[in-house]
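Peer 1: When we follow my numbering, the leftmost residue of the sequence shown carries the number 622, and every step to the right adds one.
C-beta atoms are modelled at their ideal positions from N, C-alpha and C, and glycine is treated no differently.
I am attaching a structure below and will ask some questions about it afterwards.
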Amino acid sequence: MYELIRKSLIIVMCLMLSKMLHLDVSVYVVLFAIVVATTSFSKHFHHLLQRLAPSVCAAIGAVFVNQLFASHPFIIWTCSILYFDHVRRHADNNLRIRMATLPLFMIIFITTYHSSSDYTLAIPNIIRDVILSALLAALVASLINHLMPIRTHPPKPTVVSQPVTGTDRLKMLILVGGGLAFIMINEVTSAVFCLVPLITSAMQPTHEHMKQHATEKILSQVGGCSLAVIASFMYSGTEVNVFTYFVVSFLMVYLILKWSHYSEPRDRAIHADALMGFLIPYQLYVAHYGNDFGLSSIALRAIELVIALLIIYTLAHWLNHLSNYPNDDKARHGRT
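Pasting the structure below:
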């Protein structure tokens, strides 16, 4: 219980800051808070900042490439997929895959917004807010970890080797590169978060794992949007009472962390991902002044995620079927 409260405080304090500071991309304060609260167990500011440094550096690098080739979107896209291939080639175990997800998303986020005519001029403000978000998340986590020292360190995760084949690299380029090209061409900035499951699905070791991963993501992400809808009705479109906002946010974050901690091992990934699936729409769309309570934005996010995940599931199903077809054909010939 102590550890769950400590993690919840880190996340909720960053959530409160993201609301109060009114940053252009304040969601990154929450996103970085989830990362440092759940994956980093240190009270030292520089250690926590090191955990977030690859993501910030990836964002800065993406800004540099986009500014350098601002008039040539195809070159920007080509540089991006070359980097994706480089990362996929070296992500040959489960820990490297986990560490690569957020930096890859940062590149996609910056590239997508830079290619949009509505947001290209806001890129300097966005990169400023990303850097500030990392500093704030590390500072809050360091402060809370000093006030509530970490009592139990989780066991070190087991490193599982996952050799990378040419098919794995091609799958990465088709899914993530194709998704990035679609969003850049159509300027669908609202769907940028849908590329996160594309990244994680493309890095699954087998097609069967891709199908299972897509199913789990539908449950966690759509379930998170459903929780955000419930929270929106609780606030009734207002965030005037800051104390109520803090209490409700803390209780919901604590509940999701508790579900994840005490769930069955086979369900733990769903519950852990539900925290991200809930907090992102919760921070972006809930507790804003307005008449629709953010329901239209939450519904759009859920629909876009379902479409992306169904595409992944269908693709994985057919790839699995095609890979098993030669074996089935041999078995039929053997019987005849």
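Closest by CA to Phe690, which one among Cys678, Thr732, Leu878?
Peer 2: Position 69 of the sequence shown, counted from the first residue, corresponds to residue 690. Of the candidates Cys678, Thr732, Leu878, the one whose C-alpha sits nearest the C-alpha of Phe690 is Thr732.
Peer 1: Would you mind reading off the limits of the alpha helix (DSSP H) that contains His711?
Peer 2: Residue numbering aside, residue 711 sits at position 90 when the sequence shown is read from its first letter. Residues 694-711.
Peer 1: Which class does Ser782 belong to by DSSP, given the choice of helix, strand or coil?
Peer 2: Position 161 of the sequence shown, counted from the start, is the residue given in the question as residue 782. The answer is strand: DSSP assigns Ser782 an E or B state.
Peer 1: Thinking C-alpha only, which one of Ser763, Val633, Leu644, Ser629 is nearest Pro662?
Peer 2: Start at 1 with the first residue of the sequence shown, and residue 662 comes out as number 41. According to the sequence shown, residue 662 is Phe rather than Pro. Nearest of Ser763, Val633, Leu644, Ser629 to Phe662, Cα basis: Ser763.
Peer 1: Name, in chain order, the residues that DSSP records as bridge partners for Asn714.
Peer 2: Here residue 714 is taken as the residue at index 93 of the sequence shown, counted from 1. Ser782.
Peer 1: Applying the 10 Å Cβ sphere with the 16-neighbour rule, what's the burial state of Tyr958?
Peer 2: Because the chain spans 622 through 957 in this model, residue 958 falls outside it and cannot be assessed.
Peer 1: Just to confirm my understanding: we take Tyr1006, look at its own chain, exclude 5 residues before and 5 after, and list those with CB closer than 7 Å. What are they?
Peer 2: One cannot answer for residue 1006 here, as it falls past the ends of the chain, which runs 622 to 957.
Peer 1: Between which two residues does the alpha helix (DSSP H) carrying Glu624 extend?
Peer 2: Within the sequence shown, the letter at position 3 stands for residue 624. Note, Glu624: alpha helix (DSSP H), 623-642.
Peer 1: Do Ile748 and Val684 count as a contact pair if the criterion is CB distance below 8 Å?
Peer 2: Within the sequence shown, numbered from 1, the residue matching residue 684 stands at position 63. Within the sequence shown, numbered from 1, the residue matching residue 748 stands at position 127. Closer than 8 Å, so yes.
Peer 1: Tell me whether the beta-carbon of Phe899 lies closer than 8 Å to the beta-carbon of Ile933.
Peer 2: Looking up residue 899 in the sequence shown gives position 278. Looking up residue 933 in the sequence shown gives position 312. Cβ distance not < 8 Å, so Phe899 and Ile933 don't count as in contact.
Peer 1: List the whole-angstrom C-beta distance separating Leu796 from Leu819, where the pair is believed to meet the contact cut-off of C-beta under 8 Å.
Peer 2: Numbered from 1 along the sequence shown, position 175 holds the residue referred to as residue 796. Numbered from 1 along the sequence shown, position 198 holds the residue referred to as residue 819. With a Cβ gap of about 5 Å, Leu796 and Leu819 count as contacting.
Peer 1: Does the Cβ of Lys832 have 16 or more other Cβ atoms within 10 Å, making it buried, or fewer, making it exposed?
Peer 2: By 1-based counting over the sequence shown, the position of residue 832 is 211. By the neighbour-count rule (16 or more Cβ atoms within 10 Å), Lys832 is buried.
Peer 1: What ranges does the alpha helix (DSSP H) occupy inside the segment 809-896, keeping only unbroken runs of at least 4 residues that lie completely in it?
Peer 2: As far as the segment 809-896 is concerned, its whole alpha helix (DSSP H) runs of at least 4 residues are 816-823, 828-838, 844-856, 863-883.
Peer 1: Give every residue of the same chain whose Cβ lies closer than 6 Å to the Cβ of Val654, excluding the five residues on either side of it in the sequence, and list them in chain order.
Peer 2: Mapped onto the sequence shown, residue 654 falls at position 33. As written in the sequence, residue 654 is Ala, which differs from the Val given in the question. If we look at Ala654 and ignore the five residues flanking it on each side, its Cβ neighbours are Ile631, Ile632, Cys635, Ala758.
Peer 1: Among Thr741, Ile765, Ser629, Phe730, which one has its Cα closest to the Cα of Tyr669?
Peer 2: The count along the sequence shown starts at 1 and reaches residue 669 at position 48. Looking at the sequence provided, one finds Leu at residue 669 rather than Tyr. Leu669 has its Cα closest to that of Ile765, out of Thr741, Ile765, Ser629, Phe730.
Peer 1: Residues in its own chain within less than 6 Å of Leu926 by CB, not counting five upstream and five downstream?
Peer 2: Translated into the one-based positions of the sequence shown, residue 926 becomes position 305. Excluding positions up to five away in sequence, the list reads Cys815, Gln842.
Peer 1: Using 8 Å as the threshold, is the C-beta distance between Leu791 and Trp698 below it?
Peer 2: Stepping through the sequence shown from its first residue, residue 791 is reached at position 170. Stepping through the sequence shown from its first residue, residue 698 is reached at position 77. No; because the gap between Cβ atoms is not below 8 Å, this pair is not in contact.
Peer 1: Anyone know if the C-beta pair for Met641 and Phe867 falls short of 8 Å?
Peer 2: Looking up residue 641 in the sequence shown gives position 20. Looking up residue 867 in the sequence shown gives position 246. No. Outside cutoff.
Peer 1: Alpha carbon to alpha carbon, how far is Pro784 from His667? Give it in angstroms, no decimals.
Peer 2: As a working mapping, residue 667 is identified with position 46 in the sequence shown. As a working mapping, residue 784 is identified with position 163 in the sequence shown. Their backbone Cα atoms lie some 33 Å apart in a straight line.
Peer 1: Could you tell me the boundaries of the alpha helix (DSSP H) in which Phe662 lies?
Peer 2: Here residue 662 refers to the residue found at position 41 when the sequence shown is read from its first residue. Taken as a continuous stretch (DSSP letters only), Phe662 belongs to no alpha helix (DSSP H), as it is neither H nor E.
Peer 1: Please list, in chain order, all residues of the same chain as Thr603 whose beta carbon is under 7 Å from its beta carbon, the five residues on each side excluded.
Peer 2: Lying before the first or after the last residue shown, residue 603 is absent from the chain, which here runs from 622 to 957.
Peer 1: Short check: CB of Met873 to CB of Ala852, under 8 Å?
Peer 2: Indexing the sequence shown from 1 puts residue 873 at position 252. Indexing the sequence shown from 1 puts residue 852 at position 231. Yes; because the gap between Cβ atoms is below 8 Å, this pair is in contact.
Peer 1: Excluding sequence positions up to five away, which residues of its chain have a Cβ less than 7 Å from the Cβ of Pro826?
Peer 2: Within the sequence shown, the letter at position 205 stands for residue 826. Same-chain partners within the cutoff: Gln783.
Peer 1: Does DSSP put Lys777 in a helix, a strand or coil?
Peer 2: Sequence index remark: in the sequence shown, residue 777 carries index 156 (1-based). Three-state result, Lys777: coil.
Peer 1: Using the Cβ count rule (16 or more neighbours within 10 Å means buried), how would you classify Arg922?
Peer 2: By one-based count along the sequence shown, residue 922 stands at place 301. The residue in question, Arg922, is buried, as its Cβ has 16 or more Cβ neighbours within 10 Å.
Peer 1: Terminal residues of the continuous alpha helix (DSSP H) containing Val751?
Peer 2: Taking the sequence shown and counting its residues from 1, one reaches residue 751 at position 130. From DSSP, the alpha helix (DSSP H) with Val751 extends over 744-768.
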